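Residue numbers 657 to 800, in this note's numbering, belong to the letters of the sequence shown in order. We treat Cβ as the ideally placed atom computed from N, Cα and C, and that holds for glycine. Note that this is a predicted model, so its numbers are computed, not measured.
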Amino acid sequence: MKKYWRCFVCNDIHFGFKPPELCPTCAVLNAYVEISAAEAQRMMNAPAEGAAAFDRQAFSAAIRAFAQKNEFQVNPDAERVNTLLEGLEANEARHGLRYCPCRLTSKDFTEDSKLVCPCNFLIHETYKGVEKGECWCGLFVRRT
657 MKKYWRCFVC
667 NDIHFGFKPP
677 ELCPTCAVLN
687 AYVEISAAEA
697 QRMMNAPAEG
707 AAAFDRQAFS
717 AAIRAFAQKN
727 EFQVNPDAER
737 VNTLLEGLEA
747 NEARHGLRYC
757 PCRLTSKDFT
767 EDSKLVCPCN
777 FLIHETYKGV
787 EKGECWCGLF
797 VRRT
């Protein structure tokens with residue numbers, strides 16, 4: 657069955673049986689995470705208020721599958737992950753997309769689309785830094 661996939665670096669949307677290994681837009685390897693058809697539609701158009709309900713189980717499965725192909729993993733701190741998922745759920749209900757719960761949106765859709773979880777955290781100092789090696793909010797951490 658075909659599914660929707662989103663590149664976490666450039667937000668390219670792909671519809672197919674599996675995601676491209678290499679993003680055709682930004683050339684990043686293993687950059688796609690599975691998303692719902694509703695999220696794909698919202699990413700291709702400015703989001704509308706009152707989006708469909710957040711499916712925590714589906715999103716958790718998608719980010720875990722996404723992390724398996726990369727150098728990072730979902731944070732092993734279950735309490736922290738649960739708190740972050742609550743924030744993502746609130747942002748999706750409020751804004752129509754899963755904006756990072758630790759970042760402020762600007763109301764500029766193009767700029768704010770860079771904050772949709774998972775964002776391109778590999779370029780940020782919180783991930784590149786030797787000490788932490790995690791995304792802004794800590795949902796993803798460098799694999800140990």
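### Task
Take the Cβ of Gly-752 as the centre, count every other Cβ of all protein chains shown within 10 Å, and call the residue buried at 16 or more, exposed below.
buried
### Task
Have a look at Phe-796 and Asp-764 and give me their C-alpha separation to the nearest angstrom.
25 Å
### Task
Check whether the Cβ atoms of Arg-798 and Glu-727 lie closer than 8 Å to each other.
yes
### Task
Pull up the DSSP beta-bridge partners for Phe-671, would you.
Tyr-660
### Query
Of all the beta strand (DSSP E) runs that stay within the bounds of the stretch 703-740, which reach a length of 3 or more residues?
728-730
### Query
Considering only residues of the stretch 745-781, which uninterrupted alpha helix (DSSP H) runs meet the minimum length of 4 residues and lie entirely inside it, listed in chain order?
765-768
### Task
Using the Cα positions of Glu-690 and Phe-722, report the straight-line distance between them to the nearest angstrom.
8 Å
### Message
Quick check: Leu-740 and Pro-757, are their CB atoms within less than 8 Å of each other?
### Response
yes
### Task
Can you tell me which of the three DSSP states Glu-790 falls into?
strand
### Query
Looking at the unbroken beta strand (DSSP E) that takes in Arg-799, where does it start and where does it end?
That residue, Arg-799, is in no beta strand (DSSP E); it is neither H nor E in DSSP.
### Query
Which of the three DSSP states, helix, strand or coil, is assigned to Glu-695?
helix
### Task
Taking 8 Å as the cut-off, decide whether the C-beta atoms of Met-699 and Ile-719 are in contact.
no
### Query
Cα-Cα, which of Glu-781, Ser-692 and Glu-790 is closest to Ser-716?
Ser-692
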